[in-house]
Amino acid sequence: MLDLEALAQHRGSVLGLEPGVEQPSQKLFESRLWAALRGFDPQRAVYVEAESKKVGSLHVPDALMARIRIGRCISLELDDALRVAFLLRDYAALAAELPLLHARLDALRELRGAQAVDHWKALTSQGDLATFTAEILQQHYDPSYNKSMARNFSRFDAASAVRLNGIDDGDFTRAAQDVLRVDAQVGAGERHSTQMQAPTACR
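Residues 73 to 275 in this note's numbering are what the sequence shown lists, from first letter to last.
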């Protein structure tokens, strides 16, 4: 797996930079990318999360991004309540730094409007992080993500689905096994069809 977020030290969203963490330089990021890519077997698939061209302040090289965007897509599905629980756990450090969280939310004023941003800031100030997380997913992240996927990933409409039933380590391990199984099935079908594009190295 090519973990762009780990290499960039950023989760890839307006709230994605951990408190106290600095991103590497663009040059160091590209050096890390090159080292990671050199370590892969060119005969085997490489899995990568669907990222935008920028991970925080860093740019994913155009050639790599183009390759990612023509890959087969697999959609991971998780109930909304579990998504909220996972994000509350994963972003706990940022949630504990309200001034920093509020400053980052201000970056969404132009896109989502002052009223929405002020409402989200009020929710976090009141400690209602679960409602804040559910609302920002529904009103900002999901619409933005779906629009980006439809525009940039040519095979997203044909994505296979893998469902997660929980957010513990065992749940993610089982989901990873399901991804490998589903992708192998889809890849085998493509190899037997002259109508389909050859599978790409990046998912």
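All C-beta atoms in this analysis are idealised placements derived from N, C-alpha and C, irrespective of residue type, glycine included.
* Asked: CA-CA distance, residue 268 and residue 262?
  -> Any reading at residue 268 must be qualified, since the residue scores a pLDDT of 34, below 50, and its modelled position is unreliable; no value is offered.
* Please report how far the alpha carbon of residue 221 lies from the alpha carbon of residue 228, in whole angstroms. => Each residue's alpha carbon lies about 7 Å from the other.
* Asked: How many whole angstroms separate the CB atoms of residue 79 and residue 112, which I take to be in contact at a CB cut-off of 8 Å?
  -> With a Cβ gap of about 13 Å, residue 79 and residue 112 do not count as contacting.
* Asked: Between the region 121-137 and the region 82-89, do three or more beta carbon pairs fall short of 8 Å?
  -> yes
* Determine the DSSP secondary structure at residue 150, reduced to helix, strand or coil. => coil
* **residue 209 versus residue 177: straight-line alpha-carbon distance, rounded** => 13 Å
* Relative to the alpha-carbon of residue 137, which residue among 215, 186, 121 has its alpha-carbon at the smallest distance? -> 121
* Own chain, CB closer than 7 Å to residue 205, minus 5 neighbours either side, in chain order -> 156, 159, 160
* Can you give, in chain order, each stretch of the alpha helix (DSSP H) that sits fully within the region 147-230 and has at least 4 residues? -> If one requires a minimum length of 4 residues, the alpha helix (DSSP H) runs lying completely within the region 147-230 are 152-162, 164-167, 170-177, 181-184, 186-197, 201-208, 214-224, in chain order.
* **residue 125 - DSSP class collapsed to helix/strand/coil** => coil
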